[in-house]
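Sequences listed follow chains A and B, in order. Here the first sequence is numbered in the numbering used here, starting from 1 and rising by one per residue. Here the second sequence is numbered in the numbering used here, starting from 334 and rising by one per residue. Note that the Cβ used here is the ideal one computed from N, Cα and C, for glycine as well.
2 protein chains.
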Amino acid sequence: MTGLRFDVTGIGNAIVDTLATAEDDLLAREKLNKGGMALVDEARADHLYSQMSQTTVISGGSAANTIVGAASFGAKTAFIGKVKDDAAGREFAHDIRGMGVHFTTPAAIDGPATARCLVFVTPDGERTMNTYLGACQNLTAADVDPELIKSSAITYLEGYLWDPPAAKEAFIKAADIAHDAGQKVALTLSDAFCVDRYRAEFLNLIRTKKVDIVFANQHELRSLYETSDFDTALGALRDENILGVVTRSEHGSVVVTREATREVGAFPIDRLVDTTGAGDLFAAGFLAGLAKDKDLADCARLGALAAAEVIQHVGARPQKNLAQRARENGLAL
Amino acid sequence: MTGLRFDVTGIGNAIVDTLATAEDDLLAREKLNKGGMALVDEARADHLYSQMSQTTVISGGSAANTIVGAASFGAKTAFIGKVKDDAAGREFAHDIRGMGVHFTTPAAIDGPATARCLVFVTPDGERTMNTYLGACQNLTAADVDPELIKSSAITYLEGYLWDPPAAKEAFIKAADIAHDAGQKVALTLSDAFCVDRYRAEFLNLIRTKKVDIVFANQHELRSLYETSDFDTALGALRDENILGVVTRSEHGSVVVTREATREVGAFPIDRLVDTTGAGDLFAAGFLAGLAKDKDLADCARLGALAAAEVIQHVGARPQKNLAQRARENGLAL
């Protein structure tokens, strides 16, 4: 995959995260589903924000985190997503461009504010997310630049794009352009509840070959195939005859194709601080490796290395140069 | 010091921090004085922001960090400082109130934006700060509520208040009200360059007994007495006949009165991530202990514990409940 302008282009919800530590009783009082992502309206977002203590504000968004992570590995990357021209939107744009990501989606001048995700981090490091989609609801197929998609080895799409009404058209348009240009399309299932909302559509994307690569964690995979048995779900994924990448937290990851199943261990950590972004950064490492034609086990190792970095601090964007971390660990790209 | 409404009230610049990791060559290119705080105008702030990669935004301000830290120890606290009614100003107000701090200084409706501090964190964990004072320049004596100061056991003032033109009047007014009500006044010297700018005035504050307690790190102390020898500077501080609290990074702290000198070790850490806020949080623990009539060595231990927490993550506000950390370490307040 050389000679192309971009290694990976991501399309996703452009979100700024607001994180705060919280005790489990706050989650219970607010009826928050621990470890999950809930969509909230503006009033609910305002209420939940009022329940937060000290906050940390960091640009987020699942696919955006992945793209920034891939950029930190040295990949040539681009991102498509909708912010409003407000303080949060300018912060999002600054941060993603600051990491060298090509980002030119025009900001909305009016309408809802830039999306925010209120993340409660409990003492066990688990994060519980509440997303107000705001300006993301205005992402449309018109925001997908065909030349950008054509020149990207991989177009990476988040399942969360099924939530804002018009974004799935952008998703389909991008996938079709990528395939017509002989490029690859990857999808992350995003969240077990997201899979629950759009199971039939996600299975249809896989079975009609709109996507070539699927990222999932074990919860999302079991939700996709409606089984409590991981091996059953994994077997079902293998039978789809695509490249499947399944993360299993501290148990590492499994990469499946019709021909082979590869298990790769998790990367060791000193201490777990905040799991926010673990899946996003795993995908970052994997895609950065894949774009450089690394073998699939090394792609998974790069993913594990990136996930390990991001769960040892608050926030879902890397704080260290991942290319350097990869070199230090014998995984130079 | 019981029966009073507030243990500690802080007066300081109300600032939102924007942090980014940076290599040393960026500091050299931008002629930034490593480890120091420089005042910058809006254009320079915009330029430096454009040089930052991925950012983390966290409410800051030296005295504000200290007050939030004291609140995390369970102290009854208040803060006086000026923000504008903009996104950053609302974040600052949310965060300080979210920690239980009484904060009612009216936000400016027009004029300069809420102050921001651009912090470059180098791989050695050192922070280099660039402050655009913005709305802080509009803090005046009128913002000092006499009832609040009278009802605070300790009023804590930052030396940085000498930078915005009108704030020193607020400082003097607060110190006089506190003393008239029989309360204590504490001053942090803030920064060695700040001491260099206002040495004569700071010495005058000490020698005219406008302040009862002085916090300094070793660089600030040496700057105050214009000596390269730490022991000489410490002797000079002891001769002022006030309570002097001097921090020495990994070498712990020294508490001096005319009668005695107490040395207390640093609190052990697993890894240094970002020294931002170390001095602020040391003062938080010390003041929280002092307000509860702890002996001076225990006050210094509480300071060391808080400083150790804050230097193990990005940002100058505590991410853990410090009252709980104190209990776990036999330092219950």
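Beta-carbon proximity check, residue i vs residue j, cutoff 8 Å
i: Glu-201 (chain A); j: Val-390 (chain B); result: no
i: Leu-466 (chain B); j: Leu-352 (chain B); result: no
i: Asn-65 (chain A); j: Asp-280 (chain A); result: yes
i: Ala-355 (chain B); j: Thr-455 (chain B); result: yes
i: Ala-649 (chain B); j: Gly-610 (chain B); result: yes
i: Gly-298 (chain B); j: Gly-345 (chain B); result: Any answer about residue 298 (chain B) is impossible in this case: the structure gives chain B only from 334 up to 666.
i: Gly-622 (chain B); j: Leu-666 (chain B); result: yes
i: Gly-506 (chain B); j: Ala-468 (chain B); result: Note that residue 506 (chain B) is Lys in the sequence shown, not Gly. Contact flag unset, no.
i: Ile-602 (chain B); j: Gln-652 (chain B); result: no
i: Gly-393 (chain B); j: Ile-442 (chain B); result: no
i: Met-52 (chain A); j: Ser-386 (chain B); result: no
i: Ala-166 (chain A); j: Leu-139 (chain A); result: yes
i: Gln-137 (chain A); j: Thr-155 (chain A); result: no
i: Arg-634 (chain B); j: Leu-605 (chain B); result: no
i: Gly-618 (chain B); j: Gly-402 (chain B); result: yes
i: Leu-224 (chain A); j: Val-185 (chain A); result: no
i: Arg-97 (chain A); j: Asp-274 (chain A); result: no
i: Leu-536 (chain B); j: Phe-453 (chain B); result: no
i: Gly-422 (chain B); j: Ala-440 (chain B); result: yes
i: Ala-175 (chain A); j: Ala-420 (chain B); result: no
i: Asn-574 (chain B); j: Arg-555 (chain B); result: no
Assumed close pair residue i, residue j - CB separation to whole angstroms, cut-off 8 Å
i: Val-101 (chain A); j: Leu-287 (chain A); result: Not quite, the Cβ-Cβ distance comes to about 13 Å (not below 8 Å), so this is no contact.
i: Leu-148 (chain A); j: Ala-78 (chain A); result: 6 Å
i: Thr-438 (chain B); j: Asp-476 (chain B); result: 5 Å
i: Leu-27 (chain A); j: Lys-34 (chain A); result: 6 Å
i: His-380 (chain B); j: Thr-55 (chain A); result: In fact, because the Cβ distance is near 27 Å, the residues do not count as touching under 8 Å.
Beta-carbon proximity list for residue i, same chain, < 6 Å, skipping 5 on both sides
i: Lys-209 (chain A); result: none
i: Ala-656 (chain B); result: Phe-406 and Gly-407
i: Leu-520 (chain B); result: Leu-490, Val-544 and Val-547
i: Met-334 (chain B); result: At Met-334 (chain B), the pLDDT of 40 sits below 50, so the modelled position is not reliable; the number obtained from the coordinates is stated separately. Around Met-334 (chain B): Ala-486 and Ala-624.
i: Ala-265 (chain A); result: The sequence shown places Gly at residue 265 (chain A), rather than the Ala named in the question. Closer than 6 Å at Cβ, skipping near neighbours: Gly-252.
i: Asp-524 (chain B); result: Met-370
i: Ala-216 (chain A); result: Leu-189 and Val-246
i: Ala-641 (chain B); result: Phe-600 and Ile-602
i: Ala-581 (chain B); result: One detail in the question is off: residue 581 (chain B) reads as Arg in this sequence, not Ala. For Arg-581 (chain B), where only same-chain residues beyond five positions count, the Cβ hits under 6 Å are Gln-551.
i: Glu-220 (chain A); result: Leu-189, Ala-192 and Val-195
i: Cys-299 (chain A); result: Phe-286, Gly-289 and Leu-290
Close-in-space but distant-in-sequence residues of the same chain around residue i (CB under 8 Å, 5 per side omitted)
i: Thr-594 (chain B); result: Leu-567, Arg-571, Val-587 and Val-588
i: Ala-45 (chain A); result: Arg-116, Leu-118, Asn-130 and Tyr-132
i: Phe-339 (chain B); result: Lys-409, Thr-410, Ala-411, His-435, Leu-481, Ser-484, Ser-485 and Ala-486
i: Glu-502 (chain B); result: Thr-473 and Ala-474
i: Asp-41 (chain A); result: Tyr-132
Own chain partners of residue i with C-beta closer than 7 Å, once the 5 adjacent residues on each side are dropped
i: Leu-538 (chain B); result: Leu-520 and Val-544
i: Arg-658 (chain B); result: Leu-638 and Glu-642
i: Gly-444 (chain B); result: Lys-417, Ala-468 and Asn-471
Query raised in the report: Going along the region 59-93 of chain A in order, which residues come within less than 9 Å of chain B, judged by CB to CB distance?
Result: Ser-59, Val-68, Ser-72, Asp-86, Ala-87, Ala-88 and Glu-91
Query raised in the report: Quick one, which residues of the region 256-281 of chain A are near chain B if we go by CB-CB under 8 Å, in chain order?
Result: Asp-270, Arg-271 and Val-273
Query - Inside the region 137-171 of chain A only - beta strand (DSSP E) runs reaching at least 3 residues - result: 152-158
Query raised in the report: the region 25-52 of chain A: which residues have C-beta closer than 9 Å to a C-beta of chain B, in chain order?
Result: Tyr-49, Ser-50, Gln-51 and Met-52
Query raised in the report: the region 110-132 of chain A: which residues have C-beta closer than 7 Å to a C-beta of chain B, in chain order?
Result: none
Query raised in the report: When you check each C-beta in the region 642-653 of chain B against every C-beta of chain A, which residues fall closer than 9 Å?
Result: His-646, Val-647, Gly-648, Arg-650, Pro-651, Gln-652 and Lys-653
Report task. Taking only beta carbons into account, state which residues of the region 97-108 of chain A come closer than 7 Å to chain B, listed in chain order. Result -> Gly-98 and Met-99
Requested in this report: Output, in sequence order along the chain, the residues in the region 556-583 of chain B whose CB is closer than 8 Å to any CB in chain A.
Outcome: none
**Report entry** Ranges of the alpha helix (DSSP H) found wholly within the region 378-434 of chain B, counting only runs of at least 4
**Finding:** 395-405 and 420-431
Query raised in the report: Along the region 142-156 of chain A, what residues have a CB closer than 7 Å to any CB found in chain B?
Result: none
Query raised in the report: In the region 534-607 of chain B, which residue ranges form an unbroken alpha helix (DSSP H) of at least 4 residues, counting only runs that do not cross its ends?
Result: 551-557 and 563-572
Query - Every unbroken beta strand (DSSP E) inside the region 429-463 of chain B [3 residues or more] - result: 448-454
Report task. Identify each residue in the region 182-211 of chain A for which the Cβ-Cβ distance to at least one residue of chain B is less than 7 Å, and report them in chain order. Result -> none
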